[in-house]
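For the sequence shown, this note's numbering begins at 918 and goes up steadily by one. What follows is a single structure, written as C-alpha cells, with notes after it.
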Amino acid sequence: MPNRLSRETSPYLLQHKDDPVDWYPWSDAAFDEARTSDKPVFLSIGYSSCHWCHVMAHESFQDEETAAALNRYFVSIKVDREEMPDVDDAYMTAVQLATGHGGWPISVFMTPDKKPFYAGTYFPRDSRGDFPGFRTLVTSLGQSWESQKGEMAEAASKFSATLAAYLTQAAGPLQPSLGLDLIDASVAALHQEFDFEKGGFGVRPKFPPHATVRYLIEYAAKRHLLSGGDEPQATSLSEQAGHMALMTLEEMALGGIHDHVGGGFHRYSTDELWRLPHFEKMVTDNAQMVELYMRAAESTGDARLKAMFERVAERAAEWLLSMRSDDGLFYTALDADSEGEEGLFYTWTVDEVAEVLGDRAETFCQAFGVDKDGNFVDEATGGRSGRNVLYLDQDVEGHFDDDLAVLADARSKRVPPMTDDKAIAAVNALVIGAFAKSGRVEEAAKCADVWVERGVPHQITKGEAKGAGFLDDHVYLANALMDLFDATEDHKWRGAAIETMRKADSLFRDGDRYYFTSTEHEVLFGRSVPALDFSVPSALADAARAKFRLGEFDDARAVLLASAGWMQRTARAAHGLMLALFEDLVAFPKADRSITIEKREVGLRLEPSEATVDNEGWATINLVLEIPEGMHVNSNDPTAKWLTPLSLHVEGVFGEASFPTADGEVYRGTTVVPVRLKPKNKSAKFQLRVRYQPCTESECLLPQEALLSGTVLVP
918 MPNRLSRETS PYLLQHKDDP VDWYPWSDAA FDEARTSDKP VFLSIGYSSC HWCHVMAHES
978 FQDEETAAAL NRYFVSIKVD REEMPDVDDA YMTAVQLATG HGGWPISVFM TPDKKPFYAG
1038 TYFPRDSRGD FPGFRTLVTS LGQSWESQKG EMAEAASKFS ATLAAYLTQA AGPLQPSLGL
1098 DLIDASVAAL HQEFDFEKGG FGVRPKFPPH ATVRYLIEYA AKRHLLSGGD EPQATSLSEQ
1158 AGHMALMTLE EMALGGIHDH VGGGFHRYST DELWRLPHFE KMVTDNAQMV ELYMRAAEST
1218 GDARLKAMFE RVAERAAEWL LSMRSDDGLF YTALDADSEG EEGLFYTWTV DEVAEVLGDR
1278 AETFCQAFGV DKDGNFVDEA TGGRSGRNVL YLDQDVEGHF DDDLAVLADA RSKRVPPMTD
1338 DKAIAAVNAL VIGAFAKSGR VEEAAKCADV WVERGVPHQI TKGEAKGAGF LDDHVYLANA
1398 LMDLFDATED HKWRGAAIET MRKADSLFRD GDRYYFTSTE HEVLFGRSVP ALDFSVPSAL
1458 ADAARAKFRL GEFDDARAVL LASAGWMQRT ARAAHGLMLA LFEDLVAFPK ADRSITIEKR
1518 EVGLRLEPSE ATVDNEGWAT INLVLEIPEG MHVNSNDPTA KWLTPLSLHV EGVFGEASFP
1578 TADGEVYRGT TVVPVRLKPK NKSAKFQLRV RYQPCTESEC LLPQEALLSG TVLVP
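This is how it looks when you write it as C-alpha cells:
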C-alpha cells in the first residue's frame, strides 16, 4: 500500500511511495508525530537522478527488515533536496561538520525538535568491516534513544549550536580595500593548481569548474583594459588564464563526460581524465555549458577551437530543448541509471557498435576508445562490464557526425533514464540566460513569461506552483531577464528584472548582505549567506551582477565590499564574486573600494611572569586572556573541525595546561588557564606559544599566535 509520499509531486519522493518505510514528507505533521510518540527523527535527503540514493533505497528502504526497524524506532522523513534547498543546506552542513565530507543521500538522525545527533551519507544495509551497516545503525541509535535520551538530546543541542554558528558565520575582511592585486593573485593561484595534462583543477573526481572557467575567460579578455602593477606579469597572467580556460573546455569536450551521441554533459568525471562520467545529466550544468562554450568560441582566435566550441554548445542546447515541457519550462535532470544499472543507456559494447555501424565500426571504435574488454570502470567496485564510454583523444572536427547520428537513433530505442519533471525557477533562469545569449530568444522569452507571471515560485510541476522562491531563483532570473533585454532591446524585460530585484531586496536583503532564505521560509539553524560557488553560481555574486546591470553601481559595490572577506579568505571558491569585482574594476577603475576594519584584539599575559617551584619541583603560572566584549575564543576542544582550538606549547621547560570548562565550547571575558611548569634542575627561562582563534558573534577571524616569555625560579 502506498505511503504518504504518494500525495507528493516530486519525482524523487514518488520513487519512494511504495517503500515499506512509513515515510513522511517534511511537514509539521511529521515532527508533531515525533514529539507525540517520543521518537527521534530519521531524515533522508536525495534527488531523483542520484545513483547512490537509488542504491540505498534498494538495499535499505525497500528491505522489509530494515524498514521495520526504522518504523519501530523513528519517524522517517524523505526530502527532495531540489525542492527544499534550505533544508538540504542545513543538514548537508551538519554532515560535513560531523564527517569531514558530504554527498547524497544525506542520512541524519535527530531529535523531534530538528537537532541532529548523528549524520552521514550513504550507508550499506549490512556492515562492512569498520563501516556500520544501516540496519545495525538504526537499531543501535533507536535503542540508545530509549535508554539515553537525555544525554543524546544534550549532545544534539551542543552540535546544533555549532551548526548554527557555522551556517551564519560571516567572513570579515583581511585587507582594507578590494583591488586588482586580489584578482591577479587569484589567477596566479589557479595557475599553481591547474592540471596541465588534462585541464581542470585538482584530482579525481573532477567536476566542471563553471564559475572558474567563466572568470578566467573574462579575465583573459579584459585584463589588458586595466593598468597597474607589473604589466609584463599582467600579460603573462592573462595568457595563462586564457590557456587554462580553453584547455579545460577542450578536454571536457573530448572526454567521456561529454555525451558525444546525445549532446550535453554528464554531472562529473570519476577519473582525472574526464573520461569516466557519473552519468546523471543536469539542466543546470548544461545551461552553463552552452554559455561557456559560446563565450569561449567568441573569445578564441583559434579557428579549430572556435568551430569545436560552437558545435559543442549547439548540441548541448539541443539536449536542453529535449528537456522542455509543453508549456515552455525546462525539467531538472535525467537519472544516471536505467533498468537498474548506472550508465546502461549511454554505454556501448564493441558488438553493439558493430551492429549499428557495420563497416564503419572499426574506425569509429579506434577514434572513440571502444575496446572489447570495455573502458567503463564501475565507480563502486572498480570492475569492468565490457561496456564503453565514448571519448576522444583529439578533435575529429565533426568527421563522425553521421555515425553519431546513427548511434543516437539506435540509442533512442533503449529504455531511457527517468526524467525529473519538476521545473525550478533558478534552473530555468540559467537556461533563459543561455538561450538569450545564443540566439534562441523565442524559447527563452516563452519560459521567462511563465516565471514572471507566476511571481517566481520556487518550482512548477505539472502546472502546479509550489514553494516560495529562494534568493537564487530571484537573482538568476533577474540576470536572465537582463540577458533577454540585451538580446531584444525590449524594455518589458528590463522592467521585469527591476521588479524581480526589488522583490529580492525586500525578502532577502538586510543592509548590504543577502541571505539565501527569505522571511517567508522556515529558519532552521539561522540564515546563511550564499557567497561561494558550487555547481551553480554564487547567488550573492549574481545579486551584485544584477545590481550592476540595472545601473545601481554604488549599491552593487556595497554588496561586494560587504563580501570582501569571502574573496580575501576563500578566493578559490568565490570566483563568482571575483568576477563581479573584476567587471566593476574594468568599468569603474577609480571607484573607492576601501573597507573599514574594526580592530579588536585579545589581550594575553602571564601572571606572574616569574614563578618559584614548590617542594615537589613544580611552579604554576596563569595564562590570562582578556577577551573583549562581543568576542569569544574557541575552547581547547571545539566540536567543529573547521574551528581552531585554543592550544599551548611550552618551550624551555616541561609544562602542562589545565583548561577551564568552556561555556558552549567558547571562552569569553577574562579567562584564566593554569599552567604547571617543571624545570630540569635549575632556574630556567621559558616561552609559552599560544595559538587561538578570536571570533565575533557573526564571524571567526584567522587563527593567531602569540609568544609569551617567563622564568621559573629554583630556590
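C-beta atoms are modelled at their ideal positions from N, C-alpha and C, and glycine is treated no differently.
Contact between Ala-1151 and Asp-1101 holds, with the beta-carbon distance rounding to 7 Å and staying under 8 Å. Lys-1339 sits in a strand when the DSSP states are folded into three classes. For Ile-1341, the closest C-alpha among the options Ala-1365, Ile-1514, Pro-1334, Lys-1330 is that of Ala-1365. Counting along the chain, Lys-995 sits inside the beta strand (DSSP E) bounded by residues 992-997.
Under the 10 Å beta carbon count, Pro-1333 is surrounded by fewer than 16 other beta carbons and is classified as exposed. Residue burial annotation: Phe-1402 is buried, with at least 16 other C-beta atoms found within 10 angstroms of its C-beta. DSSP, reduced to helix, strand and coil, places Asn-1539 within a strand of the structure shown.
Fully enclosed alpha helix (DSSP H) runs of no fewer than 4 residues occupy 1267-1274, 1278-1284 of the segment 1244-1313, in order along the chain. Out of Val-972, Gly-1372, Asp-1400, Ile-1174, the CA that lies nearest to the CA of Val-1306 is found in Ile-1174.
In this structure, the alpha-carbon of Ser-1144 lies about 14 Å from that of Leu-1099. Along the length of the segment 919-958, whole beta strand (DSSP E) runs at least 3 residues long occupy 940-942, reported in chain order. By the Cβ test, the segment 1182-1191 is in contact with the segment 1118-1132, since at least three Cβ pairs between them sit closer than 8 Å.
Excluding sequence positions up to five before and after Arg-1517, its CB lies within less than 7 Å of the CB of Pro-1545, Met-1548, all in the same chain and listed in chain order. By the beta-carbon neighbour count (other beta carbons within 10 angstroms, threshold 16), Val-1229 is buried.
Going by DSSP, Met-1027 is part of the beta strand (DSSP E) stretching over 1023-1027. Cα atoms of Val-1373 and Gly-1303: separation of roughly 47 Å, rounded to the nearest angstrom. If you ignore the 5 residues before and after Trp-1410, its C-beta comes within less than 6 Å of the C-beta of Leu-1398, Leu-1401, Phe-1402, all in its own chain and listed in chain order. Looking only at Tyr-1432, Gly-1350, Ser-1445, the smallest Cα-Cα distance to Ala-1414 is reached by Gly-1350. Under the 8 Å Cβ criterion, the segment 945-958 does not count as touching the segment 1014-1021, having fewer than three qualifying pairs.
It is roughly 13 Å from the alpha-carbon of Phe-1026 to the alpha-carbon of Met-1009. Assignment of beta-bridge partners to Asn-1551 by DSSP yields Val-1583. Membership of Tyr-1035 in the beta strand (DSSP E) is indicated by the continuous run 1033-1037. Taking the Cα positions, Tyr-929 is about 28 Å away from Leu-1457. Of the residues assessed, Lys-1339 falls on the buried side of the cut-off, its CB having 16 or more other CB atoms within 10 angstroms.
Per the DSSP secondary-structure output, Pro-1374 pairs in a beta bridge with Ala-1385. In the structure shown, Lys-1379 falls within a coil segment according to DSSP collapsed to helix, strand and coil. For a cut-off of 8 Å, the C-beta gap from Leu-1477 to Asp-1501 is around 7 Å, short enough to register as a contact. From the listed residues Ala-1601, Ser-1575, Tyr-1609, the smallest Cα separation to Ser-1564 is found for Tyr-1609. When secondary structure is reduced to three states using DSSP, Met-1199 falls in the strand class.
With 16 or more other CB atoms across the displayed protein chains lying within 10 angstroms of its CB, Leu-1209 is buried. Within the same chain, and ignoring the five residues on either side of Gly-1443 in sequence, the residues whose Cβ sits closer than 6 Å to its Cβ are Ala-1081, Leu-1084, Thr-1085. At the C-beta level, Thr-1417 and Val-1344 stay beyond 8 Å of one another. By the neighbour-count criterion, in which a residue is buried when 16 or more other Cβ atoms sit within 10 angstroms of its Cβ, Arg-998 is buried. Exposure of Ala-946 is indicated by the presence of fewer than 16 other C-beta atoms within 10 angstroms of its C-beta. His-1195 has its alpha-carbon roughly 17 Å from the corresponding atom of Ala-1233. With a minimum length of 3 residues, there is no unbroken run of beta strand (DSSP E) contained wholly in the segment 1054-1117.
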